[in-house]
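Engineer:
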Amino acid sequence: MKILLTGASGLVGSAFAQSATRRGHQVTGLVGTFTGDIPGLVAKRTIDLTNETAVTGTVLEIFPDAIVNCAAVAEPGQCEADPARAQALNVALPALLARLANHLSARLIHLSSEQVFEGTSHVPYTVKSPVKPINLYARQKVESERLVQTAAPDFAITLRAPLLTGNSLTGKRSLHERLFADWSAGKTPKVYTDEIRQPCTASNLAEIMVELLERNDVRGVFHWAGADTLSRYEIARRIREHFKLSETAAPLEQITRAADPRAASKRPATLALDLKPLAGVVKTPIETFDAQLEQFIIPPAYRAWYFSS
Ligand SMILES: NC(=O)c1ccc[n+]([C@@H]2O[C@H](COP(=O)([O-])OP(=O)(O)OC[C@H]3O[C@@H](n4cnc5c(N)ncnc54)[C@H](OP(=O)(O)O)[C@@H]3O)[C@@H](O)[C@H]2O)c1
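In terms of the working numbering, the sequence shown opens at residue 131 and continues consecutively.
#1: To test your reading of the DSSP string, which unbroken beta strand (DSSP E) runs of 3 or more residues are found completely within the segment 215-303?
#2: Using CA coordinates, which residue listed in Thr318, Pro398, Leu343 is at the minimum distance from Ala366?
#3: Could you tell me the boundaries of the alpha helix (DSSP H) in which Arg370 lies?
#4: Check whether the Cβ atoms of Ile326 and Leu293 sit closer than 8 angstroms, and answer yes or no.
#5: For Thr414, which residues in the same chain have their Cβ closer than 6 angstroms to its Cβ, ignoring the five residues on either side in sequence?
#6: Would you kindly report the start and end of the unbroken beta strand (DSSP E) that includes Asn199?
#7: Leaving out five residues on either side along the sequence, give the residues of the same chain with a beta carbon under 6 angstroms from the beta carbon of Arg303.
#8: Kindly provide the ranges of any alpha helix (DSSP H) runs that are 4 or more residues long and lie completely inside the segment 144-193, ordered along the chain.
#9: Nearest to Asp420 by alpha carbon, out of Leu241, Phe373, Glu377?
#10: Would you please state the rounded distance, in angstroms, between the beta carbons of Ala282 and Leu238? I believe it to be under 8 angstroms.
#11: Between which two residues does the beta strand (DSSP E) carrying Gln328 extend?
#12: With DSSP collapsed to three states, give me the class of Gln425.
#13: With DSSP run on the structure shown, which of helix, strand or coil describes Val412?
#14: Reducing DSSP to helix, strand and coil, say where Leu134 ends up.
#15: Sort Tyr255, Asn199, Ile133, Gln217 by Cα distance to Thr288 and report the nearest one.
#16: Quickly, what does DSSP pair Val203 with across the bridge? List them, please.
#17: What do you reckon, are the CB atoms on Leu299 and Ser438 nearer than 8 angstroms?
#18: Under the rule that 16 or more other beta-carbon atoms within 10 Å means buried, what is Arg345, buried or exposed?
#19: Should Ala315 go down as buried or exposed, given a rule of 16 or more other Cβ atoms within 10 Å for buried?
#20: Mind checking whether Leu277 and Ala228 have CB atoms under 8 angstroms apart?
#21: With C-beta atoms as the reference, is Asn232 less than 8 angstroms away from Phe164?
#22: Quick check on DSSP: helix, strand or coil for Val340?
#23: Taking only heavy atoms of ligand 3 into account, decide whether any of them is closer than 7 angstroms to the Cβ of Cys200.
#24: How about Leu403 and Gly249: are their beta carbons less than 8 angstroms apart?
#25: Can you tell me whether Phe247 is buried or exposed, with buried defined as 16 or more other CB within 10 angstroms of its CB?
#26: Work out the CA separation of Thr186 and Arg349 for me, nearest whole Å.
#27: What would DSSP say about Leu382, mapped onto helix, strand or coil?
#28: For Ala379, which of Ala393, Ile385, Arg370, Ser149 has the nearest alpha-carbon?
#29: Can we count Pro292 as close to ligand 1, meaning its CB is less than 7 angstroms from some heavy atom?
#30: Report whether the distance from the Cβ of Ser149 to the nearest heavy atom of ligand 1 is below 7 angstroms.
In structure tokens, the structure reads:
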């Protein structure tokens, strides 16, 4: 399959390029500012994805069988800091890609987030649970889901993803990489003991994306996540333990949502996803957190600190 991939330099995009190539697909990747190599691409192009004319021209020129949208402003804080840029990338871009996919009869995978839910339920959210976004990023994801599925109802899959782990191209993007950045700079990361997440690796998410693309009978909104629900503190503590770092070298400050109710009002507390109807019918395994830990590498930029600590 000829696949056009946006956000090819990002955490998920770079993982997708490798998974899709392993399955024999040809992936052309679009990047914004990244200048390094991206394993798995047959071609890489630099483009400003907020430029609708450039995006349209590129899609029509490549004429892909499938479009995979991994570009976004993927951090809630960055959305609040620059709402116009976030709206262009998180809403206008997926809507445009969906119109183009529909025009070309191309499959489309768009990524949304578990954060479309409020986070107050203690039972996992199903694909039919009502959405209730509580921050700008989540509101943009909800809007993008609606626009994508309306513009390309026969071709689009929207996949809601959880907190993602793994190894990024920059070595500075994912959760364990950020912990290493803080620890190596002598900082003590603050981690919530009462925020629950269901992490999976970007590469596992990429595997299910490729599997779904290869099936012609799947469209609509779906959930994917890991097998375990853990507090953010537990996630960080297990990363520290996995890398055999001491509490002195790699301190963690446990915090609770009650300590800052204003911040908490924009952060969903408990996000667990019900993986039906995909669970049990797809080949991609649902990963335990232990299986994820085994895949994490020491980020190259922090190796010297790691081996001296
Ligand atoms: N990371 C998570 O924990 C998580 C959780 C749930 C859902 N998701 C969703 O999964 C998707 C992928 O997230 P991610 O974490 O992989 O994102 P990421 O690592 O932050 O990567 C974002 C990508 O978007 C590209 N991009 C941003 N602005 C651009 C522009 N103006 N023109 C061209 N490219 C631009 C970046 O390219 P350059 O770097 O080359 O500029 C980069 O490749 C997003 O939809 C996100 O909301 C992520």
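Ideal placement from N, C-alpha and C gives every residue a C-beta, glycine not left out.
This structure is a prediction, so every number in the text was calculated from the model and none was measured.
Structural biologist: Reading off the structure:
#1: 237-243, 286-291
#2: Taking the sequence shown and counting its residues from 1, the one referred to as residue 366 is at position 236. Looking at the Cα atoms, Thr318 is the closest of the given residues.
#3: In the sequence shown, the residue the question calls residue 370 occupies position 240. That run of the alpha helix (DSSP H) goes 362-372.
#4: As a first step, residue 326 must be located in the sequence shown, where it is residue number 196. As a first step, residue 293 must be located in the sequence shown, where it is residue number 163. It is not a contact, given that the beta carbons lie outside the stated cut-off.
#5: For the purposes of this step, residue 414 is taken as residue 284 along the sequence shown, with counting starting at 1. Glu337, Ile338, Glu341, listed in sequence order.
#6: Counted from its first residue, the sequence shown places residue 199 at position 69. Counting along the chain, the beta strand (DSSP E) containing Asn199 begins and ends at 196-199.
#7: Counting from 1 along the sequence shown, the entry for residue 303 is found at position 173. Correct list, in chain order: Leu141.
#8: 182-192
#9: The residue given as residue 420 occupies position 290 in the sequence shown. Looking at the Cα atoms, Phe373 is the closest of the given residues.
#10: For the purposes of this step, residue 282 is taken as the residue at position 152 of the sequence shown. For the purposes of this step, residue 238 is taken as the residue at position 108 of the sequence shown. Correct: roughly 5 angstroms between the Cβ atoms.
#11: Indexing the sequence shown from 1 puts residue 328 at position 198. Looking at the DSSP string, Gln328 is not in any beta strand (DSSP E), and its letter there is neither H nor E.
#12: Start at 1 with the first residue of the sequence shown, and residue 425 comes out as number 295. In this structure, Gln425 counts as coil in the three-state DSSP scheme.
#13: Taking the sequence shown and counting its residues from 1, one reaches residue 412 at position 282. DSSP places Val412 in coil when its eight states are reduced to three.
#14: The residue labelled residue 134 in the question sits at position 4 within the sequence shown. Correct three-state label for Leu134: strand.
#15: For this step, residue 288 is matched to residue 158 along the sequence shown. Nearest of Tyr255, Asn199, Ile133, Gln217 to Thr288, Cα basis: Asn199.
#16: The sequence position of residue 203 within the sequence shown is 73, counting from 1. Val203 pairs with nothing; no bridge assigned.
#17: Position 169 of the sequence shown, counting from 1, holds the residue named residue 299. Position 308 of the sequence shown, counting from 1, holds the residue named residue 438. Against a cut-off of 8 angstroms, the Cβ pair of Ser438 and Leu299 comes out as no contact.
#18: Looking up residue 345 in the sequence shown gives position 215. Per the 10 Å Cβ criterion, exposed.
#19: Within the sequence shown, the letter at position 185 stands for residue 315. So Ala315 ends up on the exposed side.
#20: Within the sequence shown, residue 277 is the residue found at index 147, counting from 1. Within the sequence shown, residue 228 is the residue found at index 98, counting from 1. In this structure, Ala228 lies closer than 8 angstroms to Leu277 by Cβ.
#21: Translated into the one-based positions of the sequence shown, residue 232 becomes position 102. Translated into the one-based positions of the sequence shown, residue 164 becomes position 34. No; because the gap between Cβ atoms is not below 8 angstroms, this pair is not in contact.
#22: As a first step, residue 340 is located in the sequence shown; it is residue number 210 there, counting from the start. It is helical.
#23: No copy of ligand 3 occurs in the structure displayed; its ligands are ligand 1 alone.
#24: Taking the sequence shown and counting its residues from 1, the one referred to as residue 403 is at position 273. Taking the sequence shown and counting its residues from 1, the one referred to as residue 249 is at position 119. Taking 8 angstroms as the Cβ cut-off, Leu403 and Gly249 do not qualify as a contacting pair.
#25: Against the sequence shown, residue 247 aligns to sequence position 117. Phe247 comes out buried.
#26: In the sequence shown, counting from the first residue as 1, residue 349 sits at position 219. In the sequence shown, counting from the first residue as 1, residue 186 sits at position 56. Each residue's Cα considered, the two are about 23 angstroms apart.
#27: Working through the sequence shown from its first residue, we reach residue 382 at position 252. DSSP places Leu382 in coil when its eight states are reduced to three.
#28: Along the sequence shown, one-based indexing puts residue 379 at 249. Nearest C-alpha to Ala379: Arg370.
#29: As a working mapping, residue 292 is identified with position 162 in the sequence shown. Yes, Cβ of Pro292 sits closer than 7 angstroms to a heavy atom of ligand 1.
#30: Here residue 149 is taken as the residue at index 19 of the sequence shown, counted from 1. No, ligand 1 has no heavy atom inside 7 angstroms of this Cβ.
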